[in-house]
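For the sequence shown, UniProt numbering gives the first residue as 1, with consecutive numbering after it. The structure under discussion appears below in the form of structure tokens.
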Amino acid sequence: MRFLFDQNISHRILKLLPENYSGSTTVKQEGLTNSPDKEIWEFAKTNKFIIVTQDSDFNDINSLYGFPPKIIWIRTGI
Numbered sequence: 001m002r003f004l005f006d007q008n009i010s011h012r013i014l015k016l017l018p019e020n021y022s023g024s025t026t027v028k029q030e031g032l033t034n035s036p037d038k039e040i041w042e043f044a045k046t047n048k049f050i051i052v053t054q055d056s057d058f059n060d061i062n063s064l065y066g067f068p069p070k071i072i073w074i075r076t077g078i
């Protein structure tokens, strides 16, 4: 299982992942910083990543296009 962390999540998280997730990366490392969400979506789909984000836009794209890729949408707050 490989994660693609969106730019709203710190790249430092990669250091905390177990070895099982060693193929994980960030949008920044892949040169996709400030790319449109659809482009990031296509990259994740093509390269078999699970998108990890705090951005609700990926949920909207998921409603339109379905899976893959899968999305982990981190929602915080009250």
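Backbone N, C-alpha and C fix where the C-beta goes; we use that ideal spot for every residue, glycine too.
### Query
Between which two residues does the beta strand (DSSP E) carrying Phe5 extend?
Here the beta strand (DSSP E) through Phe5 covers Phe3 to Phe5.
#### Entry: DSSP three-state assignment for Thr76, whether helix, strand or coil
Correct three-state label for Thr76: coil.
### Message
Going by C-alpha to C-alpha distance, which of Glu39, Phe67, Gln54 and Ser22 sits closest to Ile9?
### Response
With distances taken between Cα atoms, Ile9 lies closest to Gln54.
### CB of Pro69 within 8 angstroms of CB of Ile50, strictly
Yes, they are a contact pair.
### Query
Around the C-beta of Thr26, are 16 or more other C-beta atoms found within 10 angstroms, so that it is buried, or is it exposed?
Buried, by the Cβ-count rule.
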